[in-house]
Every structure is written in C-alpha cells, then in structure tokens.
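Enquirer: In my numbering, the protein residues as written are 93 to 666. Where is the CB? At the ideal position from N, CA and C, for every residue including glycine.
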Amino acid sequence: MKQLAALLALLMLATGCEQEPGEPEKEPVTAQALHAHGEEFEEQVIQVTDDIHVAIGFGIANSIMIEGDDGVIIVDTMETMEAGRRVAERFREITDKPVRALVYTHSHPDHIFGARAFVDDDVPVQVFAHDSLEEEVDRIFSALRPIITQRSMHMYGNMLRDEQRTNVGIGPFVDTQPDSTIDMLRPTDTFSDTLEVEVAGVRLVLRHAPGETDDQVLVWLPDEEVLMPGDNFYRAYPNLYTIRGTSYRDPRTWADSLEMMRDLDAEILVPGHSRPIHGADEIRRHLTDYRDGIRYVYDQTIRMMNAGLTPDELAPRLELPPHLEESPFLQPFYGKPEWSARMIYQGQLGWFDGNPSNLHPTPPKEKAHRKVELMGGESEVADAVTEALEAGEHQWVLELTDILLQVAPEHSAGREARIQALHALAEEEINPNARHWYLSHAGELAGDFEVPNQIVEPDDRMLESIPLSTYFDGMAVSLDGEAAWDTHQRVAFEFTDLDEARTLTVRHGVSELEDGVSDEADIHVRVESLRFKQLLAEERNPALALARDYEFEKGGRIAFARFLQLFDPDIELE
Ligand SMILES: [Zn+2]
Numbered sequence: 093m094k095q096l097a098a099l100l101a102l103l104m105l106a107t108g109c110e111q112e113p114g115e116p117e118k119e120p121v122t123a124q125a126l127h128a129h130g131e132e133f134e135e136q137v138i139q140v141t142d143d144i145h146v147a148i149g150f151g152i153a154n155s156i157m158i159e160g161d162d163g164v165i166i167v168d169t170m171e172t173m174e175a176g177r178r179v180a181e182r183f184r185e186i187t188d189k190p191v192r193a194l195v196y197t198h199s200h201p202d203h204i205f206g207a208r209a210f211v212d213d214d215v216p217v218q219v220f221a222h223d224s225l226e227e228e229v230d231r232i233f234s235a236l237r238p239i240i241t242q243r244s245m246h247m248y249g250n251m252l253r254d255e256q257r258t259n260v261g262i263g264p265f266v267d268t269q270p271d272s273t274i275d276m277l278r279p280t281d282t283f284s285d286t287l288e289v290e291v292a293g294v295r296l297v298l299r300h301a302p303g304e305t306d307d308q309v310l311v312w313l314p315d316e317e318v319l320m321p322g323d324n325f326y327r328a329y330p331n332l333y334t335i336r337g338t339s340y341r342d343p344r345t346w347a348d349s350l351e352m353m354r355d356l357d358a359e360i361l362v363p364g365h366s367r368p369i370h371g372a373d374e375i376r377r378h379l380t381d382y383r384d385g386i387r388y389v390y391d392q393t394i395r396m397m398n399a400g401l402t403p404d405e406l407a408p409r410l411e412l413p414p415h416l417e418e419s420p421f422l423q424p425f426y427g428k429p430e431w432s433a434r435m436i437y438q439g440q441l442g443w444f445d446g447n448p449s450n451l452h453p454t455p456p457k458e459k460a461h462r463k464v465e466l467m468g469g470e471s472e473v474a475d476a477v478t479e480a481l482e483a484g485e486h487q488w489v490l491e492l493t494d495i496l497l498q499v500a501p502e503h504s505a506g507r508e509a510r511i512q513a514l515h516a517l518a519e520e521e522i523n524p525n526a527r528h529w530y531l532s533h534a535g536e537l538a539g540d541f542e543v544p545n546q547i548v549e550p551d552d553r554m555l556e557s558i559p560l561s562t563y564f565d566g567m568a569v570s571l572d573g574e575a576a577w578d579t580h581q582r583v584a585f586e587f588t589d590l591d592e593a594r595t596l597t598v599r600h601g602v603s604e605l606e607d608g609v610s611d612e613a614d615i616h617v618r619v620e621s622l623r624f625k626q627l628l629a630e631e632r633n634p635a636l637a638l639a640r641d642y643e644f645e646k647g648g649r650i651a652f653a654r655f656l657q658l659f660d661p662d663i664e665l666e
C-alpha cells in the first residue's frame, strides 16, 4: 500500500486538497485513489493524430475511428447498441465518410455488441477478427450465460445505486441495463496469424496476440507507427484472473504478446481501455513493465508452488518489486497479483491443494454446525461477531458470519454485522471489482435487490446468427439429470426454414445430439429456427410458443411439453 500513499500525496499536492484540522473525516486513501483513477475515463473523443480519434468514457471500453480516403475503419464497437449509437453519433460529427470496415480486437462483449450501431446497412462492410472469435462469441450465449451474467453484475456493480458505484477500473461503467440491446456483425475476414490489408487507403496489419483472451489481435498502422493493443494493455494491473470467472489465461502467452508489441517500437499506443500514450520511449518502458508485472507473478507463483505452498499460503506473499509496484500502469484497479497467483495454481495443478483433509471434506453446513457447537453455541459466535466488528476486523466478521448464517440463516444481528463489514471492506478496497462485489452482496443480504441471470436482449438478427449447435449445447447443460433418470426419449427437431434437422435423445439423465431425423424418434416437431431460438433464449412465452410455433409430425403437444420441462436450469436449494 506504500505506492498508494505516495500517489495520494502527489494528488493532494496537485489539487491542493490537503485535509485541514477539524474538517469532516475524509474517505479512506484507497477509495480516494480509486475515485481519482476515474478521471482517466472522463467522457470525450480524443484526437490522437489527424486521422485517428478515440472515444473514451461512453461505456466501459474505447472505440477507435481511423479515417481513410473514402471511408473509416472502426476498431471495437462498445458493449451495447445504445453505447454504440452514442459513440457513432460523435464520430459522425468529425466525418460523414461511411464505415468501410470494423475490427474486433477480441470477443469480449464490450468490444463487439454495439457493432451494428456503427454501420450503414447500404454500405458493404468488411469485419476483421481472429479465426476463433466466432466460436468464443457463441460460447457467451451458451453453457455459462446465467452464472457469468450474475457474476459480472456483482463485479461491475450494475445493481448498485449511482452514488455507491465508482468507476470499474478500466472504464467509467458498464452500459448494460435491463432494456439494453445488443447486435453485432459476424466477421467476414478472419485470419490465424497475421493479416495485412488496405481499407480506404489505410494500411493495416492485424496480428494474433493472445493474452487477455486467446482470440486477441493487435492493430498496427505501419505508416503512422500507431499500435492498438486491444485489451492486452491498459492503465491497471492486467486481469490475469477475473473474479467474474474465466478459464485459465496463460500469463506466459500474454507476456510474449507484450514483447512482440514492444518490439514494434510504436510512437503512439491507443488501448482498448484508458487513454492513449505518446512517445516511443514511454511506450517501450510501460510495455516492458507490464510484461514484467505479469512474468514476475507467474514465475514467483510457480516457484512457491514448487516449494509446496498452497494457494492460501502463496497468494498473500506475492508483492511486486518496488519499481513495478509504483508503475501507474500496474495499480490493482482491475486485476490483482494475488488473484492471479491463485489462478496460476489452479490452472497448473487444479483444485486439490495436496491436503488429504480436502479430498472428501465435511459438507459446509455440517461443518458449520460442528464448529458453532465447539465454539459454545450460536450466541457465543454472535458475541464474537460483535467484538470483531467493534475491533474493525471486517474480514473476520465475514468468516465468522459464514459459519453463523449457515446455522441460523435469519440471525438478524449476524446479518446486520455482515452487511456493515461488507460496507467497511468496500470502503477500504482499491479494486473496484472487489468493492462492487462486497456492496452487491450487502445489497442482496439487505433485500435491496436480486441480481438477475439474464439482462441484455439480443436482437433477432443476432439470435439468428448464433448456430443451432449453441442452443443445443445450452439444452444439454440445463437438463435436470435426476428428473430425467427414468426418461428415455428421442425428439426430432426439423427446422423448416433451414432444411436441417437434429434429433435430441434424453437417455436416463444424459442427452445426445445427432444430425437428421432419427427413425426411432418418439416425437417429431417442425419449427422455424428463429422461433426455436427465441424460446430457448427465453424471449418467447413457452405456452404461446407451444401453441403456435410447433407442428407435430409424430407425438403430441403434451408429451413434447413434458420433454421440454426436463430442461430446467434452476435447482431447488435447501
Ligand atoms: Zn475490454
């Protein structure tokens, strides 16, 4: 935390906001630093060169416009159609040349889902992306959508009141509201390693640069020596692990891509989040620090793993060397070294920490009951909670109430203490992801809101562009296994508009998909593909859909309705 104190001292000098005696108590140092970081994302369109503009602060990500002779290229297109329109409007004030090409630096929603807002349906548009982007986009819509939506909303604080929310570390806010819409264009020109093209007279080099995602590409303008690194570099410690949940991100690959970027010797760098940087020396230095900030954490984590340390033991030991700790580009406003270390452990060795107690641990509820009993009962634990709260031991309050509320979920003093501790931890927290998570959990506990598991509405065009296999993948993982133990049934779906068919078999708790209409199908329905997709995307009333959208070649409506009822993602929790 030394670097924060130094940073704050500098800020105070710069703004003359030193605290006078007798003034009301200021917010904690960490919270002040986080608020100050928000200035990075003040809403504006920055002119980078004669031909390049970057829109910052209109949503979480940046969108970049490169102007050519008879058209423009847009690099990244915001997270929703609404955010996309706000930016597109501002870009049109600069030039009315048509958009000839889009570049997606990677598949994250904040770079692609406002795409259609930028284009004119009458002008052909090339859409550049890495080969693997489409598959990644489709994945967003399939298996993990409910949980990732919920976790993202905790992390970005979407449910919080405006005054509770700070910036989100790499942008001012995430523009996803209950009525937000998303719509993108599918890539037309993809590549695996490098692609050199000319659009509207602008020479572009696109290079695969895996890092924050495997499908990440960088944009290099060789004539102007401008580098657009996507999300492989921004003004915050890299999100090697994001607490909303992600599969393993290999830090070595990310570091390699930073070396490649550094070796371009760019004069200007325009990132996917935060403000541009000018000057080859500055850029080289910051890219090297960023690379080192990643490699230090990776190498030291592996070293500690080899020495036998577990995730809980090694994560708090990780401290960056002072010159990296002080780098303005490595402050923990988005990722954190200690979360990265835990991810590295998991990615390399999986969940088992080597302690045999953890091979078949006592279930949480039973363990809580046993512990509370040993500690002298509920009221003893509740007293300890109060004491910890008074002593300002907020993390300990969380850990004690974890046990207490397992045993007595409605314990009002316990709940109240937990809410207070969460608020206090949020106030001390510099990382907005953690801060918003504390506050969101407090809000849920207080009954202020419930966090939904679906929020944005994909446009019909978008649903149509997602392949059928994605929807069937979604069905496979929402099948209520236990409810289907006694079911052995085959349902053939014939898609009337596509001349395609699939047969889905549910075999005693497990499903299997095959192409075509199986002769052994028990039920055979005919349906338009969009109607089928709308039902699965929960954008069509099931009763209405069953009555209107499905024709039966074989089997009946009631049997089919029963079959569909087996696909229920909700689980009754005790
Ligand atoms: Zn991003």
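Note the first and the last residue of the continuous alpha helix (DSSP H) segment covering H528.
Expert: Position 436 of the sequence shown, counted from the first residue, corresponds to residue 528. Here the alpha helix (DSSP H) through H528 covers 524-537.
Enquirer: What does the Cβ neighbour count give for E110, buried or exposed, with the cut at 16 atoms within 10 Å?
Expert: As a working mapping, residue 110 is identified with position 18 in the sequence shown. Its pLDDT being 41, under 50, E110 is placed unreliably by the model, and the measurement read from it follows with that caveat. Flag for E110 reads exposed.
Enquirer: Who are the near neighbours of L103 in its chain, counting only those whose CB is closer than 7 Å to its CB and skipping five residues on each side?
Expert: Taking the sequence shown and counting its residues from 1, one reaches residue 103 at position 11. Interpretation of L103 is limited by its pLDDT of 40, a score under 50 that renders its predicted location unreliable; the figure taken from the coordinates is listed afterwards. Taken in chain order, the residues that qualify are A128.
Enquirer: Going straight from the alpha carbon of G114 to that of Q423, what length do you get?
Expert: As a working mapping, residue 114 is identified with position 22 in the sequence shown. As a working mapping, residue 423 is identified with position 331 in the sequence shown. At G114, the pLDDT of 48 sits below 50, so the modelled position is not reliable; the number obtained from the coordinates is stated separately. Each residue's alpha carbon lies about 31 Å from the other.
Enquirer: Checking the sheet assignment: what are the DSSP bridge partners for F644?
Expert: Here residue 644 is taken as the residue at index 552 of the sequence shown, counted from 1. DSSP lists V617 as partners of F644.
Enquirer: Could you check what DSSP says for P634 in three-state terms: helix, strand or coil?
Expert: As a first step, residue 634 is located in the sequence shown; it is residue number 542 there, counting from the start. Three-state DSSP puts P634 in a helix.
Enquirer: Does the distance from the CB of F667 to the CB of L350 come in under 8 Å?
Expert: Outside the displayed range of the chain (93 to 666) lies residue 667, so it cannot be described from this structure.
Enquirer: Span of the beta strand (DSSP E) holding S603?
Expert: The count along the sequence shown starts at 1 and reaches residue 603 at position 511. 602-607 is the extent of the beta strand (DSSP E) around S603.
Enquirer: Straight-line CA distance for A476 to P456?
Expert: Your numbering for residue 476 matches position 384 in the sequence shown. Your numbering for residue 456 matches position 364 in the sequence shown. Distance between the alpha carbons of A476 and P456 is about 20 Å.
Enquirer: Return the chain-ordered list of same chain residues with a C-beta closer than 8 Å to the C-beta of Q546, the five sequence neighbours on each side being excluded.
Expert: For this step, residue 546 is matched to residue 454 along the sequence shown. Same-chain partners within the cutoff: R237, P238, T241, E630.
Enquirer: For A635, which option in Q657, L410, P403, E159 has the closest C-alpha, if you only look at C-alpha atoms?
Expert: On the sequence shown, residue 635 is found 543 positions in, with the first residue counted as 1. Looking at the Cα atoms, Q657 is the closest of the given residues.
Enquirer: Provide the residue span of the alpha helix (DSSP H) that contains S504, from first to last.
Expert: Here the question's residue 504 lines up with position 412 in the sequence shown. Taken as a continuous stretch (DSSP letters only), the alpha helix (DSSP H) holding S504 covers 504-520.
Enquirer: Quick one: give me the first and last residue of the alpha helix (DSSP H) that V297 is part of.
Expert: Along the sequence shown, one-based indexing puts residue 297 at 205. Where V297 is concerned, there is no enclosing alpha helix (DSSP H), although the beta strand (DSSP E) it sits in stretches over 294-300.
Enquirer: Reducing DSSP to helix, strand and coil, say where M397 ends up.
Expert: By 1-based counting over the sequence shown, the position of residue 397 is 305. Here M397 sits in helix by DSSP.
Enquirer: Assign D271 to buried or exposed, taking buried as 16 or more other Cβ atoms, counted over all protein chains shown, within 10 Å of its Cβ.
Expert: Counted from its first residue, the sequence shown places residue 271 at position 179. D271 comes out exposed.
Enquirer: Less than 7 Å separating the Cβ of A147 from some heavy atom of ligand 1?
Expert: In the sequence shown, residue 147 corresponds to position 55, counting from 1. No - ligand 1 has no heavy atom lying nearer than 7 Å to the Cβ of A147.
Enquirer: Going by beta-carbon coordinates alone, are T187 and V219 separated by less than 8 Å?
Expert: Position 95 of the sequence shown holds residue 187. Position 127 of the sequence shown holds residue 219. No, these two residues do not count as a Cβ contact at 8 Å.
Enquirer: Distance, Cα to Cα, Q95 vs S419?
Expert: Counted from its first residue, the sequence shown places residue 95 at position 3. Counted from its first residue, the sequence shown places residue 419 at position 327. Legend: pLDDT at Q95 = 43, less than 50; position of this residue unreliable, value from coordinates given subsequently. Going from the Cα of Q95 to the Cα of S419 covers about 9 Å.
Enquirer: Please find out if some non-hydrogen atom of ligand 1 comes closer than 7 Å to the beta-carbon of D307.
Expert: Translated into the one-based positions of the sequence shown, residue 307 becomes position 215. For ligand 1, not one heavy atom lies less than 7 Å from the Cβ of D307.
Enquirer: Helix, strand or coil: how does DSSP classify T493 here?
Expert: Taking the first residue of the sequence shown as position 1, residue 493 is located at position 401. Helix, per DSSP.
Enquirer: Indicate, with yes or no, if ligand 1 has a heavy atom lying under 7 Å from the CB of A328.
Expert: Numbered from 1 along the sequence shown, position 236 holds the residue referred to as residue 328. No - ligand 1 has no heavy atom lying nearer than 7 Å to the Cβ of A328.
Enquirer: If contacts are defined as beta-carbon pairs under 8 Å, then R387 and A347 qualify, I think. What distance do you get, rounded to the angstrom?
Expert: Here residue 387 corresponds to residue number 295 of the sequence shown, with the count starting at 1. Here residue 347 corresponds to residue number 255 of the sequence shown, with the count starting at 1. R387 to A347, Cβ: 5 Å. Contact.
Enquirer: Mind listing, in chain order, the residues whose beta carbon lies closer than 7 Å to a non-hydrogen atom of ligand 1?
Expert: My final list is I152, A153, H200, D202, H203, I262, D323, G364, H365.
Enquirer: Mind checking whether F421 and Y390 have CB atoms under 8 Å apart?
Expert: One-based indexing of the sequence shown puts residue 421 at position 329. One-based indexing of the sequence shown puts residue 390 at position 298. No.
Enquirer: Tell me the rounded alpha-carbon separation between P661 and V548.
Expert: For the purposes of this step, residue 661 is taken as residue 569 along the sequence shown, with counting starting at 1. For the purposes of this step, residue 548 is taken as residue 456 along the sequence shown, with counting starting at 1. Their backbone Cα atoms lie some 19 Å apart in a straight line.
Enquirer: Leaving out five residues before and five after V569 in sequence, what residues of the same chain have Cβ atoms less than 6 Å from its Cβ?
Expert: As a working mapping, residue 569 is identified with position 477 in the sequence shown. The residues are A235.
Enquirer: Measure the CB-CB distance between T282 and H222 and report whether it falls below 8 Å.
Expert: The sequence position of residue 282 within the sequence shown is 190, counting from 1. The sequence position of residue 222 within the sequence shown is 130, counting from 1. A contact, by the Cβ cut-off of 8 Å.
Enquirer: Are R278 and S557 closer than 8 Å when you measure CB to CB?
Expert: Numbered from its first residue, the sequence shown carries residue 278 at position 186. Numbered from its first residue, the sequence shown carries residue 557 at position 465. Yes. Within cutoff.
Enquirer: Would you tell me roughly how many angstroms separate the C-alpha atoms of F587 and L622, rounded to the nearest one?
Expert: Along the sequence shown, read from residue 1 onward, the residue named residue 587 stands at position 495. Along the sequence shown, read from residue 1 onward, the residue named residue 622 stands at position 530. One C-alpha to the other measures close to 9 Å.
Enquirer: By a C-beta neighbour count over all protein chains shown, 10 Å radius and 16 as the cutoff for buried, is E604 buried or exposed?
Expert: Locating residue 604 in the sequence shown gives position 512, counting from the first residue. Classification for E604: exposed.
Enquirer: Using 8 Å as the threshold, is the C-beta distance between H528 and G249 below it?
Expert: For this step, residue 528 is matched to residue 436 along the sequence shown. For this step, residue 249 is matched to residue 157 along the sequence shown. Contact flag set, yes.
Enquirer: Note the first and the last residue of the continuous alpha helix (DSSP H) segment covering D281.
Expert: For the purposes of this step, residue 281 is taken as residue 189 along the sequence shown, with counting starting at 1. From DSSP, D281 is part of no alpha helix (DSSP H) but of the beta strand (DSSP E) over 281-283.
Enquirer: Can you tell me the Cβ-Cβ gap for I274 and T402, rounded? I've got them flagged as a contact below 8 Å.
Expert: Counting from one through the sequence shown, the residue named residue 274 turns up at place 182. Counting from one through the sequence shown, the residue named residue 402 turns up at place 310. Going by Cβ atoms, the distance from I274 to T402 rounds to 41 Å, so no, they are not a contact pair.
Enquirer: Quick one: is N398 buried, meaning 16 or more other Cβ sit within 10 Å of its Cβ, or exposed?
Expert: Taking the sequence shown and counting its residues from 1, one reaches residue 398 at position 306. The residue is exposed, with fewer than 16 neighbouring Cβ atoms inside 10 Å.
Enquirer: Looking at R434: is its Cβ nearer than 8 Å to the Cβ of Y329?
Expert: Position 342 of the sequence shown, counted from the first residue, corresponds to residue 434. Position 237 of the sequence shown, counted from the first residue, corresponds to residue 329. Contact flag unset, no.
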